[in-house]
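As structure tokens, the structure follows; a few thoughts come after it.
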Amino acid sequence: MNIIVSQEIETVCPQFVGAAVEAYVVNSPYHEALWREIDAMGEKYRAELTTETLKQLSGIEATRRVYRACGKDPSRYRPASEALIRRMLQGKPLYQIDTLVDLVNLASIAYGYSIGGFDADKFVGDTLTLGIGREGEPYEGIGRGMLNIAGLPVYRDAKGGVGTPTSDNERTKIGINTTHLLVLINGYDGREEQVRENAEYILTLLNKYCQAHDAHYNIYR
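Residues in the sequence shown are numbered from 4 upward in steps of one, following my numbering.
In structure tokens:
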């Protein structure tokens, strides 16, 4: 998959760096050991963070800043990483979906980056372009119905939007039968070393819990 960062994103976030993790995997409905890791991360954050201080995490702070630069209110359309950690801090359980989705959520929580997880076989074409959502652009968020993505960073394939930091699209979502995974890490803070660490962490999780093969990642900007 070719990934292009548009000029409009470069204008509002010249330091952007992303990582694309690709792998062939075996999904499952639930993995107990993975959830032990998720629960441990929740305990760690409840001891260290509040719903206000979590906004200071580098990946979250930078994503919120880009939202404002693009014209979106980050408190109304929260980045997914912030929303997930907020649930933990409020003592609410995370939604349990399937092993791949749960794994991507853990990776997002661990580093504070909003991460998109996709069934790569559902993309149209061989190129994804990161741009900014437009008024009236149709977009069905997973479990959210039609979402107003005007002013949100958005990845588009040849058919339209597939992922934003707030919600990925129903059309390309991971399912229990997903075997070809693409994960996109959005480093709006420009910290390449941390983005690479996040990508390596995802590879580790995929090997532990999803029988990954032909797994690798690429940096893009």
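Yeah, the Cβ is synthetic: ideal placement off N, Cα and C, and Gly gets one too.
By the beta-carbon neighbour count (other beta carbons within 10 angstroms, threshold 16), Arg81 is buried.
Listed in chain order, the non-local C-beta contacts of Lys125 below 6 angstroms within the same chain comprise Thr175, local neighbours out to five positions each way being set aside.
It is roughly 21 angstroms from the alpha-carbon of Phe19 to the alpha-carbon of Ser78.
Annotation: the continuous beta strand (DSSP E) that includes Thr132 extends over 130–135. When DSSP reads this structure, Pro156 sits in a beta bridge with Ile135. One alpha carbon belongs to Ala83, the other to Pro168, and they sit about 6 angstroms apart. Nearest in C-alpha terms to Ile41, of all of Val157, Ala113, Glu85, is Ala113. The beta carbons of Ile7 and Thr132 sit about 5 angstroms from each other, so the pair counts as a contact at 8 angstroms. In the displayed model, Glu143 falls within a strand according to three-state DSSP.
If you draw a straight line from the Cα of His216 to the Cα of Gly74, it is about 40 angstroms long. Secondary structure at Ile179: coil, using DSSP grouped into helix, strand and coil. Thr102 and Tyr204 do not touch by the CB rule: their CB atoms are close to 16 angstroms apart, not below 8 angstroms.
With a 10 Å radius around the Cβ and a threshold of 16 neighbouring Cβ atoms, Tyr191 comes out buried. Note that the region 175–185 touches the region 22–29; at least 3 beta-carbon pairs, one per stretch, sit closer than 8 angstroms.
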